[in-house]
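What follows is one structure encoded as structure tokens, with my remarks underneath.
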Amino acid sequence: MAKATADRFFVALLPPQPLQDEITAIKQEIWQRFDSKAALKSPPHITLQPPFLWPLPEAPRLEDHLKAFAQTQPAVPIQLRGYSAFAPRVIYIDVAQTAQLMAMQPAIAAHLAESCGLVDRVGKARPFTPHLTVGFRDLSPAAFRQAWAEFEQRPFTADFVAQALALLHHDGKVWQVFAELPLQAPSP
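To get my numbering, take the position in the sequence shown, counting from 1, and add 271.
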């Protein structure tokens, strides 16, 4: 009997393209200066549901569940303020922990657990820290110290409204946007 294979997916909020381009340039700087290129394997994003396995032929069902959830959620204002780190390997752009954003993450986790049986056991054991990674786990501890000495005080400020959930799929090399599921339009 052949074993069914599953692909890797995750759910996130994406900045608008001009801001993605600006953040990707920061990731490229970290790659060129500090030899950390793993963050370039995905578009800039705020993870809401970490990577999980799901059969590719069943992706339309997953999309349907995410679409149903997205239709219950208003668009999310996002504030990016400076840099922070998960020492000694990860540098990220800090995301303000607004009430709306902090409520959305457990809500989507509960929805995916109930509708799809997806449970992030690691995520349930630690608090949600919204962030946009620019230097990833391939950053050596020595390079991290050097980069963090610079980025710790570097300014970064941007605001945007996340208009959709993004379902990302790993194609074997990089993460690609598989589907975007619109959130409710903000009230006028």
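Glycine included, every Cβ here is placed at the ideal spot set by N, Cα and C.
Take residue 431, set aside five residues on each side of it, and the residues of its chain with a beta-carbon closer than 7 Å to its own are 286, 287, 290, 349, in chain order. In the three-state DSSP reduction, residue 333 falls in the helix class (H, G or I). A Cβ-Cβ distance of about 6 Å is found for the pair residue 383 and residue 320, placing them in contact under the 8 Å criterion. Look at residue 443 here: in three-state DSSP terms it is coil, with no helix or strand label.
Considered as a whole, the segment 371–450 harbours 402–406, 428–433, 435–441 as its complete beta strand (DSSP E) runs of no fewer than 3 residues, in chain order. In the DSSP annotation of this structure, residue 306 is not part of any alpha helix (DSSP H), being labelled neither H nor E. The Cβ-Cβ distance between residue 339 and residue 452 does not fall below 7 Å. Burial is judged here by how many other beta carbons sit within 10 angstroms of a residue's own beta carbon; residue 324 has fewer than 16 and is exposed.
Taking C-beta atoms as the reference points, residue 437 and residue 445 fail to come closer than 7 Å. Excluding sequence positions up to five before and after residue 282, its CB lies within less than 8 Å of the CB of 318, 319, 320, 337, 379, 383, 436, 437, 438, 439, all in the same chain and listed in chain order. The three-state reading of DSSP puts residue 290 in helix, counting H, G and I together.
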